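Following: one structure in C-alpha cells, then a few remarks.
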Amino acid sequence: MNVHSTEHNAMIMNAQSSLDVSRTCVAGKSILNNGGRIGGLEIGCRPPADPYAGKIPEPTLPASCTTSGPKSPGTHTLKSGIHCDVTFNGTANVTFEPGLHIVRGTMIINAGTVKAEGVTFYFPNTQSRIQLNDNITMSASAPASGPYQGILMFERTSDPSNNSHKQQFVFNRMELQRLEGAIYLPNRDVTYNAKSNINGHKTALVVNTLIINQADWKLDGLTSAGAGQRSVYLSR
2 MNVHSTEHNA MIMNAQSSLD VSRTCVAGKS ILNNGGRIGG LEIGCRPPAD PYAGKIPEPT
62 LPASCTTSGP KSPGTHTLKS GIHCDVTFNG TANVTFEPGL HIVRGTMIIN AGTVKAEGVT
122 FYFPNTQSRI QLNDNITMSA SAPASGPYQG ILMFERTSDP SNNSHKQQFV FNRMELQRLE
182 GAIYLPNRDV TYNAKSNING HKTALVVNTL IINQADWKLD GLTSAGAGQR SVYLSR
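Just so you know, this note's numbering puts 215 at position 214 of the sequence shown, and the rest follows in order with no gaps.
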C-alpha cells in the first residue's frame, strides 16, 4: 500500500483492524493508529509514482445511449457502449458483455449479481459512477488483450477542471466481489460500507482516498505495465 498524502494523520487505522501487506509506505510523517496492525509500515518514505498516469487512452463518447433509464427486476444483458443514468430495480442479474462499457451519470444496481468478464468500465467525468447497494455478488475481469488490456475501471483525467472536482464512489455491503485488473479512479474518494468480502487476483487500486468499514479483503498484487512493481493499493 502506497499513501501519497503528506497531511497530518495521512493514514488512519482503527481498533481491531489488520493490514497484512509486505509494505505500507506513507509519505506523511504522522498517522493515527488506534490499535490496528499495519504490515511493513514506513513513515515519511517516498511512494512510487502513479504508474497509470497519462497511459490509458480515453475513448470518444458515442452520440447516443446504448442503455438508459429504469429497468425492471430480472435478468439483463448489456452490450458494450454507453449507459446513461440506468437503475436496476429490485433484484437484478446483470451481465456486461466483453468490451468497453461507458457509464455516464449514475448506474444503480440495488441487489443481485453482476458479471463482467473481459470488460473495461469508463467514467467520462467525476459525476459518473456505478452504485452497488445491498447484497451484491460481483465477478469482474479486465480484457486480456487490446487497448484496455488489464484495465477494469478508469476515469477521465485529461481535463484539469474535471480533476479538481473530487467525488465519492461508494459500495454498500458487498457479499462477494472478485476483481481482476486495475481500478484507476484517482479523482474518487472510495468508501466500502458495512461488510464487504473481496477476493482480488492481480488487482491494483488507484484512488484519491480510501475508507474501508468492516471488510475482509484478500488481494494479490498486480504488476503495473512499465512500472516494474507489484501494488495492492496506490492511494494519493
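Where is the CB? At the ideal position from N, CA and C, for every residue including glycine.
Since we're looking at a predicted model, the values are computed, not measured.
Check	Outcome
Kindly indicate the opening and closing residues of the beta strand (DSSP E) around Asn90.	Gly82 to Phe97
Alpha carbon to alpha carbon, how far is Leu211 from Cys46? Give it in angstroms, no decimals.	19 Å
Which first and last residues belong to the beta strand (DSSP E) in which Asn111 is found?	Thr107 to Glu118
In whole angstroms, what is the alpha-carbon distance linking Ala141 and Gly82?	17 Å
Using DSSP's beta-bridge definition, name the partner residues of Cys26.	Asn3 and Glu43
Classify Glu156 as buried or exposed, calling it buried when 16 or more other Cβ atoms lie within 10 Å of its own Cβ.	buried
Just how far apart, CA to CA, sit Ala64 and Phe172?	29 Å
Using the DSSP secondary-structure output, state which residues sit across from Pro71 in a beta bridge.	Thr88
By the DSSP assignment, the alpha helix (DSSP H) with Ser162 in it spans what residues?	Pro161 to Asn164
Is Met139 near Val115, with beta carbons less than 8 Å apart?	yes
Gly55: buried (16+ other C-beta within 10 angstroms of its C-beta) or exposed?	exposed
With Val120 and Phe97 assumed to form a contact (beta carbons below 8 Å), what rounded beta-carbon distance in angstroms separates them?	5 Å
Could you compute how far the alpha carbon of Asn15 sits from the alpha carbon of Ser31?	15 Å
Going by beta carbon distance, what residues of the same chain come within less than 8 Å of Gln168, once the five residues before and after it are set aside?	Thr127, Gln128, Arg130, Asn188, Arg189 and Asp190
Out of Phe122, Ser162, Phe170 and Pro161, which has the shortest C-alpha to C-alpha gap to Pro148?	Phe122
What three-state label does DSSP hand Lys203 in the structure shown?	strand
Might you give, ordered along the chain, the residues of its own chain that have their beta carbon closer than 6 Å to the beta carbon of Val27, omitting 5 neighbours on each side?	Val4, Ala11, Met12 and Ile44
Report the rounded CA-to-CA distance for Ser18 versus Thr25, giving the unit in angstroms.	14 Å
Would you say Ile137 and Gly106 are within 8 Å of each other, going by their C-beta atoms?	no
Cα separation between Gln132 and Gly29?	31 Å
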